[in-house]
Structures are given as C-alpha cells and as structure tokens.
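>
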Amino acid sequence: MKTLTILSGKGGTGKTTITASLAVMIAKEKKIVAVDADVDAPNLAISLGLKNKLKEVEKIKAAHKSSFSEEKCLACGKCAEICAFNAISWKPGEKPVFNRFLCEGCGACALACPAGAIKLVEIENASAVRGETDYGFKMVGAQLEMGESGSGKVVDEVKQAARELAEEENTELVIVDAAAGIGCPVIAAVRESDFVVGIAETTPSGFSDLKRALQVVEQFGIPYGIIINQWDLNPEKTEEIEIFAKESGIPVLGKIPYDKDFVKSLVELKPAVEFSTKIEKLFEPIVESVLGEIGD
Ligand code: SF4
Ligand code: SF4
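The number in my numbering is simply the position in the sequence shown, starting from 1, with 34 added.
1) What residue from K62, I152, V73 has the CA that sits closest to E104's CA?
2) Express the C-alpha separation of E92 and L84 in angstroms, rounding to a whole number.
3) What residue does the alpha helix (DSSP H) around Q194 start on, and which one ends it?
4) Comparing alpha-carbon positions, which option in I275, G45, V220, Q264 lies nearest V250?
5) Run the proximity test for G139: is its beta-carbon closer than 8 Å to any non-hydrogen atom belonging to ligand 1?
6) Just to confirm, is the Cβ distance from I284 to G255 under 9 Å?
7) On the three-state DSSP scale, how would you describe D293?
8) Just to confirm my understanding: we take A212, look at its own chain, exclude 5 residues before and 5 after, and list those with CB closer than 7 Å. What are they?
9) Answer yes or no: the CB of I116 versus the heavy atoms of ligand 1, is any distance below 8 Å?
10) For ligand 1, is there a heavy atom less than 8 Å away from the beta-carbon of K99?
11) Let's test the definition: count the other Cβ atoms within 10 Å of the Cβ of K44 and tell me whether it reaches 16, buried, or not, exposed.
12) Using a threshold of 8 Å, is the CB atom of C218 nearer than that to any non-hydrogen atom of ligand 1?
13) According to DSSP, is E92 helix, strand or coil?
14) Let me check you understand the geometry: is the CB of K129 closer than 8 Å to at least one non-hydrogen atom of ligand 2?
15) Considering Cα atoms alone, identify which of K89, G139, G217 is closest to D74.
16) Would you check if the distance between the CB atom of A118 and the CB atom of A142 is smaller than 9 Å?
17) Under a Cβ-count criterion, where at least 16 other Cβ atoms within 10 Å of its own Cβ denotes burial, should P126 be classed as buried or exposed?
18) Closest by CA to K106, which one among K294, N159, G150, T237?
In structure tokens:
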C-alpha cells in the first residue's frame with residue numbers, strides 16, 4: 035500500500051478540487067482510500083459529494099487543557115502571571131478563572147502552582163469520521179470540537195484511522211489531501227508519504243509559498259512533482275514555474291487551465307471530472323503521470 039499526498043503552499047489554489055478529481059480517476063484503476071488531512075478546513079467531503087454524510091467512527095484525544103481544583107487553590111495568582119496565552123484571569127484575594135478556549139495546554143500554570151491545584155488533562159478535541167463516496171471508495175477525515183484547532187496529532191490520528199480502513203479494504207493507494215502551508219498538520223500529512231504532488235498557483239505569493247512547502251517535503255527525502263493550476267491566467271508566471279521545475283529536476287505532472295466548469299462542479303457538489311467530460315479528458319494524462327511517478 036502506497037500513500038500519495040497533495041499539498042499547496044497556500045489556500046485557494048484548487049488543491050482539494052484537484053485532489054477529489056484525482057481520487058475519482060485513480061479509483062477507476064486502483065482500490066483507494068481518500069483522507070482529508072486538512073482538519074481545520076475540511077472540504078474534501080464536499081468536493082466528493084459527501085456533505086453531511088460522514089459518520090463518526092471514534093473520538094480523538096489529541097490535546098491537553100488545564101484542570102483546576104478550587105478547594106486546593108491558595109489564590110496566589112502565580113498561574114495567571116505565568117500563562118502566556120491569557121487563559122487565566124485573576125484579581126488579588128480571589129481565585130483564578132480559567133478560559134478553556136484560550137488554554138493551549140502548555141502546562142506552565144501546573145508547574146508554577148505552589149498548591150498542586152492545577153493538572154493537565156487529555157481532552158477529546160476531534161472525532162474521526164468516515165463516509166462512502168458514490169465513486170467506489172471511502173473517505174476518512176476529522177471534525178474538530180468547537181473552539182479547537184487542528185494539530186499534527188489530530189492528523190496523525192486521522193491517518194491512523196485511514197490506514198486501518200485501508201488494511202480492511204485491501205487498498206493499494208491512500209490519497210491524502212493535506213492542509214495548506216508549512217505548519218504541523220502539513221508535516222504530519224506529508225510524513226510517510228511515497229509521493230507528494232504540489233499544486234502551483236500562478237501568482238507570485240502562490241509560487242513562493244509552494245516552494246516553501248516543497249522544501250518541507252525535501253526534508254523528508256520524499257519525491258514530488260507539481261501540477262500547475264489555472265496556468266493560462268498568468269502564462270508568464272507559468273513559464274517561470276516551468277523553468278524553476280526544469281532547473282530543479284521537478285516533474286511537471288500537468289497543467290490545468292481556468293475553466294468555469296470547475297466552479298459549476300463545486301456548486302453541484304460533484305468532482306469536476308464527473309461533472310465535465312472535457313475535464314475528465316484533461317485529467318487522464320495527469321493521472322497517468324502521477325501513477326507513473328508513484329511507480330505503479
Ligand atoms: S496550560 Fe498553559 S495555556 Fe493553559 S492555562 Fe495553563 S499556562 Fe495557560
Ligand atoms: S497558582 Fe495555584 S494556588 Fe495560586 S492562584 Fe493559581 S491555582 Fe490557585
């Protein structure tokens with residue numbers, strides 16, 4: 035079983051739309067499981083027509099919060115003084131008030147408390163969810179609890195849930211839609227991948243952010259290629275990206291033009307390759323290039 039991860043340096047590059055179409059096309063040739071590892075902005079289910087059709091499979095405990103015992107508290111205020119996240123308010127002579135939404139679980143207050151009135155507790159901050167698409171494969175993702183943010187640990191748990199499903203189903207390929215950027219959730223998504231596809235947006239910031247994201251991939255020694263999206267909106271930048279790719283030995287796996295059908299397919303909650311035959315034809319050589327790079 036191999037893992038293909040799709041990433042982009044920034045949001046709004048069309049990464050998830052492209053991931054959904056790649057997944058649908060590849061599923062015609064291979065047994066796959068799709069993973070939405072963009073846990074802060076999970077949109078893969080929507081692109082695959084699974085809106086409101088995901089079922090919770092397990093709770094994820096991937097965060098800690100401070101837990102406070104009022105009985106033990108001496109009202110000294112040391113915890114409020116040390117908290118760098120303004121999660122504790124305190125007035126002289128009174129006991130502190132903890133704001134769980136601001137708590138980052140760093141544990142500094144527990145170390146500073148002279149009365150042992152604070153401890154860190156593991157909390158459920160997300161749920162792993164699963165759904166079955168109309169395109170012959172299943173998808174795994176996560177739903178964060180209110181006020182929680184995605185972390186590398188949540189992504190690790192989602193990937194583990196995907197691995198278990200993939201083993202149950204004798205899957206040949208796991209396709210992961212990573213978050214945008216270069217933070218912990220992206221690193222967690224990229225780790226252990228066999229091949230990474232970076233989606234290049236033809237803007238100065240999009241290209242610059244993609245290069246940073248690809249540097250992360252290089253740190254792991256994972257091979258990668260790029261797909262240039264909406265290339266015809268900025269042919270000069272496209273040429274610049276192609277020259278960069280050629281000089282760096284990075285395969286350009288495909289170039290996708292701007293097409294209103296991508297937007298229409300999103301409105302219809304359908305993968306673009308299912309919405310438009312023209313887009314399906316456009317993806318055929320891209321899919322072959324991607325599968326060729328993965329080595330199957
Ligand atoms: S665990 Fe850290 S962030 Fe949370 S309340 Fe204590 S000091 Fe503040
Ligand atoms: S540091 Fe401990 S004893 Fe002091 S106010 Fe905070 S919880 Fe109470």
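Here a beta-carbon is modelled for each residue, glycine too, at the ideal position from N, C-alpha and C.
The short version:
1) I152
2) 18 Å
3) 186-202
4) V220
5) yes
6) no
7) coil
8) T39, I40, L41, A71, D72, V220, A223, V224
9) yes
10) yes
11) buried
12) no
13) strand
14) yes
15) G217
16) yes
17) exposed
18) G150
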